[in-house]
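Novice: Numbering (my numbering), first residue to last: 35 to 1011.
Below you can see the structure in the form of structure tokens.
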């Protein structure tokens, strides 16, 4: 029975409502008009709990957020908050050990040795101490159970296990079935209150690898350089989240424990939950496990306030990737401030993606490769940033001058008066879309907490924004943008200065004890909860397929949106980039379209109209489909549809715009050759498809230059004359929608013949081959693959469990062996991949990112796992349970129903027989021996193609040749230009 606890409280806090539990009184706040219906609880120990009920699936998205990040790192051990985040996955005194009493003696000795290790600089003494650390760590690993936290989360069906550290906070993420809230809560409370720093030195090696990777990423170096210039007296600028190399080489387990005691306290933590659950029950469970956690006064970070910047500060970063430049103005107030709100609105005026000053005056006119403006908000400060990449032959100074032009315009108030109202309307649309996701809801609440914002302020932000006048915003811009109060970081292209890597210490592979279990994990696995019953989509009931036009018959796939007033409308064509020259023509036409107008509206006016309507449109060309997409506020759908019809029927050519676009395309192609990820993608595709690589299947420079804009406009005028279907998710009824499409959407009396897509298939592997491309970095990226059978569903249940067991999670064999046991790779994964259509082939793929000097060891270990797969019954059972749980808690809704139906078509599946149901019924019959047999038949001793992107001068080609014939490729061979 519920009752009002205190009438006086209601008078004092009129905006909040309070509810009382029959067992214990739990007061909570709510806010009128809150679209998420958030409840905010505060336990007696200060722990904040935010809850938002959203019944789209029987799952709960959880975030546990701590107001402690790299700004709180001790000055002598920077990077500590980040590697604490890693250590939070190592378990507790109950989880992750077979004998805590014996293990804690060894861990204490290891901690003491690390403290001694930090005190010496002599390399011989340090090596001797580290040898002792390594030996003791190996002994301790015999007692520890690696990855047991992940096993516990897998056992309860949790997915999306993750964590991340930033300047002001650390967050821990799980997505759990709604019947497992209590066990999840118990495990989380246990690790937060009884953390054990086990397997420390192998995890530290992973952190070394992450640091080494960061040292060759231009974007991170640019950001760190900017922060150092903006905030020289604050941890934002004088220390980094990953920490200094010197500090990483001298870690302190003692400092980590002290950090936990200071910051990982209930009055500095929030639990954020969103999904299908009972808040009254959930708060009782949270209080049961977290309520006894003792609060503590949290240290206040004292820092010297930065002095105003009175002269432009210019820094230069040299690296392999494309040149670019950024400019940053310091904001003296951080998250939640009025200044932060004004900055967000100013961002919408300058760069909203459609008709901001930068959008129209710079990007729409292609005056550089691309420019942007936006806020970078932190708790103590913030920054307003501009960034841009130059055209071929354009200087970075010329790009900076483009920023000056737009700044001058906004300071003079030379932007349309309707912009502020339209910006607020588009923000309202964004709020509606974010409410459609439990993850978005939970993360919003968590971020409000770590940003020290009340949820009431978050709910009221739109109202506050709507009160801002143009005069106030212009005055703010004039205060913010002075002539010389900013930082410039120029990223120039060239060989970076030699970077000293964090040295690789000698490490003995630890014991992972796959069959070992703690008593706590055994208890968790034995618990009986009422299972979540699966719900399978029924296309005959959940999807409406009907005609919406008789000229000729145009089919509509329809699902009603009963949740909010937004819509998605797609005209979908069954040909794309792979349809030869017609497909490539449409690809280029779609790219140039945003720079073109019609006989009624200029290109600028079209962008402005869509922004006013809070709607979006896009023509996108995929490999096998073209989509013309319209989305936004449903009340403006018909106006948006008519604009799209106008564009497709009446778009006017502009050869200058096309020439500028072609020039930018050619430059972006050259830039791709200097980007590590783009090079690895091109190499991977070459290894898989050879001459049929999608990267090679593109218009040549001459072909691009031969097009006229009239040709492209004619193609666009003709697009709706090809057969297509209408996909709709929105609030209108199917009858209304069919009539609307029939009255607005123009179709011909007879459709044109649909161009045929070219089918490409992975090439068979006849001999072991190593394809190598040189890239000057400290990390090597490697992918190995071979082609399997043509698509079929015979072994799909076994294959899915195999993927989960072997290579698909942190609890899988690959992660345990490659990262936990041997510290050979920062990332390692392997999958037997299902093709994209019924005529395709399965591919077995493995990917690792590792230091150059670890590549051979990593390859040897990886192949050893393929050819002699470890057998662990407990891991197998968890993998099978995870697949079962995934189906139990999955729900197909919204546009997902339409996309699922299209998937059934593409894969040749019978829509009358639910494929997930078939798998769910098959999973219980899969045995460990089936996984072994699958490995023996499809994986073991298969010939492979290895694609290696690494630094040639540091590569041992004799050792590499043991894996296959080495073929060195050039960038021209893998990119085609």
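Note that CB positions come from ideal geometry on N, CA and C, so glycine has one too.
Out of 624, 906, 997, which one is the CA nearest neighbour of residue 746?
Specialist: Counting from 1 along the chain shown, the entry for residue 746 is found at position 712. Nearest in C-alpha terms to residue 746, of all of 624, 906, 997, is 624.
Novice: With a floor of 4 residues, list each alpha helix (DSSP H) that falls wholly inside the segment 915-995, ordered by position along the chain.
Specialist: The DSSP assignment places 929-941, 949-956, 962-972, 991-994 as complete runs of the alpha helix (DSSP H) inside the segment 915-995, in order along the chain (cut-off: 4 residues).
Novice: Report, in whole angstroms, the separation of the C-beta atoms of residue 240 and residue 104, which I expect to be a contact under 8 Å.
Specialist: Numbered from 1 along the chain shown, position 206 holds the residue referred to as residue 240. Numbered from 1 along the chain shown, position 70 holds the residue referred to as residue 104. Not a contact, Cβ separation roughly 18 Å.
Novice: Any idea what DSSP makes of residue 568, helix, strand or coil?
Specialist: Numbered from 1 along the chain shown, position 534 holds the residue referred to as residue 568. DSSP places residue 568 in coil when its eight states are reduced to three.
Novice: Where does residue 773 fall in DSSP's three states?
Specialist: To locate residue 773, count along the chain shown from 1; it is residue 739. Helix at residue 773.
Novice: Between which two residues does the beta strand (DSSP E) containing residue 421 stretch?
Specialist: Residue mapping note: residue 421 aligns to position 387 of the chain shown, counting from 1. Taken as a continuous stretch (DSSP letters only), the beta strand (DSSP E) holding residue 421 covers 416-423.
Novice: I need the straight-line Cα distance from residue 133 to residue 552, nearest angstrom please.
Specialist: Locating residue 133 in the chain shown gives position 99, where the first residue counts as 1. Locating residue 552 in the chain shown gives position 518, where the first residue counts as 1. Rounded to the nearest angstrom, the two C-alpha atoms are 8 Å apart.
Novice: Report yes if the C-beta distance between residue 83 and residue 304 is below 8 Å; otherwise report no.
Specialist: Start at 1 with the first residue of the chain shown, and residue 83 comes out as number 49. Start at 1 with the first residue of the chain shown, and residue 304 comes out as number 270. Going by C-beta atoms, residue 83 is nearer than 8 Å to residue 304.
Novice: Go ahead and pull the three-state DSSP assignment for residue 1014.
Specialist: The first residue shown for the chain is 35 and the last is 1011, placing residue 1014 beyond what the model contains.
Novice: Please list the terminal residues of the continuous beta strand (DSSP E) segment that includes residue 822.
Specialist: Taking the first residue of the chain shown as 1, we reach residue 822 at position 788. First-last of the beta strand (DSSP E) with residue 822: 813-824.
Novice: In the DSSP assignment, find the alpha helix (DSSP H) that holds residue 206 and state where it starts and stops.
Specialist: On the chain shown, residue 206 is found 172 positions in, with the first residue counted as 1. That residue, residue 206, is in no alpha helix (DSSP H); its beta strand (DSSP E) goes 204-211.
Novice: Would you call residue 153 buried or exposed, if buried means 16 or more other Cβ atoms sit within 10 Å of its Cβ?
Specialist: As a working note, residue 153 is residue 119 in the chain shown. Exposed, because fewer than 16 other Cβ atoms sit within 10 Å of the Cβ of residue 153.
Novice: Counting only runs that start and end within the segment 674-737, where is the beta strand (DSSP E) found for 3 or more residues in a row?
Specialist: none
Novice: Near residue 316, which residues of its chain fall below 7 Å by C-beta distance, leaving aside the five closest residues on each side in sequence?
Specialist: Here residue 316 corresponds to residue number 282 of the chain shown, with the count starting at 1. Result list for residue 316: 85, 215, 307, in chain order.
Novice: Taking its Cβ as the centre, do 16 or more other Cβ atoms sit within 10 Å of residue 48, making it buried, or is it exposed?
Specialist: As a working mapping, residue 48 is identified with position 14 in the chain shown. Any answer about residue 48 is weak, because its pLDDT of 39 lies below 50 and its placement is not dependable; what the coordinates show is given next. By the 10 Å Cβ count, residue 48 comes out exposed.
Novice: Would the segment 921-933 and the segment 88-99 be scored as touching if the rule is three or more Cβ pairs under 8 Å?
Specialist: yes
Novice: Using 10 angstroms around the beta-carbon of residue 452, count the other beta-carbons present and answer buried if the total reaches 16, otherwise exposed.
Specialist: On the chain shown, residue 452 is found 418 positions in, with the first residue counted as 1. Label assigned to residue 452: exposed.
Novice: CA-CA distance, residue 564 and residue 213?
Specialist: The count along the chain shown starts at 1 and reaches residue 564 at position 530. The count along the chain shown starts at 1 and reaches residue 213 at position 179. One C-alpha to the other measures close to 7 Å.
Novice: Looking only at its own chain, which residues have a Cβ that is under 7 Å from the Cβ of residue 100, when we skip the five neighbours before and after it?
Specialist: The count along the chain shown starts at 1 and reaches residue 100 at position 66. Closer than 7 Å at the Cβ level, and outside the excluded window around residue 100, lie 203, 204, 297, 298, 302, 303.
Novice: Near residue 999, which residues of its chain fall below 8 Å by C-beta distance, leaving aside the five closest residues on each side in sequence?
Specialist: Within the chain shown, residue 999 is the residue found at index 965, counting from 1. For residue 999, where only same-chain residues beyond five positions count, the Cβ hits under 8 Å are 801, 802, 803, 804.
Novice: Residue 823: which of 833, 815, 816 sits nearest, CA to CA?
Specialist: Reading the chain shown from its first residue, position 789 is the one you call residue 823. Selection 833, 815, 816 evaluated against residue 823 yields 833 as nearest (Cα-Cα).
Novice: Considering only the alpha carbon of each residue, which of 929, 817, 613 lies closest to residue 897?
Specialist: Counted from its first residue, the chain shown places residue 897 at position 863. Taking each of 929, 817, 613 in turn and checking the Cα distance to residue 897, the smallest one comes out for 817.
Novice: Checking 8 Å against the spacing of the C-beta atoms, do residue 480 and residue 723 come in under that value?
Specialist: Here residue 480 is taken as the residue at index 446 of the chain shown, counted from 1. Here residue 723 is taken as the residue at index 689 of the chain shown, counted from 1. When the beta-carbon positions are compared, residue 480 and residue 723 stay at least 8 Å from each other.
Novice: With a 10 Å radius around its C-beta and 16 neighbouring C-beta atoms as the bar for buried, classify residue 294 as buried or exposed.
Specialist: The sequence position of residue 294 within the chain shown is 260, counting from 1. It is buried - the Cβ of residue 294 has at least 16 other Cβ atoms within 10 Å.
Novice: How long is the line joining the alpha carbons of residue 61 and residue 314, rounded to whole angstroms?
Specialist: For the purposes of this step, residue 61 is taken as residue 27 along the chain shown, with counting starting at 1. For the purposes of this step, residue 314 is taken as residue 280 along the chain shown, with counting starting at 1. Between residue 61 and residue 314, the C-alpha separation is close to 10 Å.
Novice: Which residues mark the beginning and the end of the beta strand (DSSP E) in which residue 838 is found?
Specialist: Stepping through the chain shown from its first residue, residue 838 is reached at position 804. No beta strand (DSSP E) holds residue 838; the alpha helix (DSSP H) holding it covers 830-840.
Novice: If you follow the alpha helix (DSSP H) that residue 267 is part of, which residue opens it and which one closes it?
Specialist: Counted from its first residue, the chain shown places residue 267 at position 233. Segment: none, residue 267 is in no alpha helix (DSSP H) and carries neither H nor E.
Novice: Excluding five sequence neighbours on each side, which residues of the same chain lie with their C-beta closer than 8 Å to the C-beta of residue 163?
Specialist: Within the chain shown, the letter at position 129 stands for residue 163. Cβ within range, chain order: 147, 150, 151, 154.
Novice: How about residue 68 and residue 540: are their beta carbons less than 8 Å apart?
Specialist: In the chain shown, counting from the first residue as 1, residue 68 sits at position 34. In the chain shown, counting from the first residue as 1, residue 540 sits at position 506. No; because the gap between Cβ atoms is not below 8 Å, this pair is not in contact.
Novice: Who pairs with residue 648 in a beta bridge, going by DSSP?
Specialist: The sequence position of residue 648 within the chain shown is 614, counting from 1. Note: residue 648 sits in no beta bridge, so no partner.
Novice: Apart from the five residues just before and just after residue 80, which ones in its own chain have a Cβ nearer than 7 Å to its Cβ?
Specialist: Walking along the chain shown from the start, residue 80 turns up at place 46. If we look at residue 80 and ignore the five residues flanking it on each side, its Cβ neighbours are 300, 301, 329.
Novice: Could you give the DSSP three-state label for residue 608: helix, strand or coil?
Specialist: Taking the first residue of the chain shown as position 1, residue 608 is located at position 574. In this structure, residue 608 counts as coil in the three-state DSSP scheme.
Novice: Starting from the C-beta of residue 904, find all residues in its chain whose C-beta is less than 8 Å away, skip the five residues before and the five after it, and write them out in chain order.
Specialist: Translated into the one-based positions of the chain shown, residue 904 becomes position 870. 548, 847, 851.
Novice: Go through its chain and collect everything with a Cβ distance to residue 187's Cβ below 7 Å, but skip five positions before and after it.
Specialist: Translated into positions along the chain shown, residue 187 becomes position 153. The residues are 195, 208.
Novice: Which one of 373, 411, 403, 438 has the shortest CA to CA distance from residue 10?
Specialist: The shown model of the chain, from 35 to 1011, leaves out residue 10, and the question about it has no answer.
Novice: For residue 958, count neighbouring C-beta atoms within 10 Å of its own C-beta (all shown protein chains included) and say buried if the count is 16 or more, exposed if not.
Specialist: The count along the chain shown starts at 1 and reaches residue 958 at position 924. Label assigned to residue 958: exposed.
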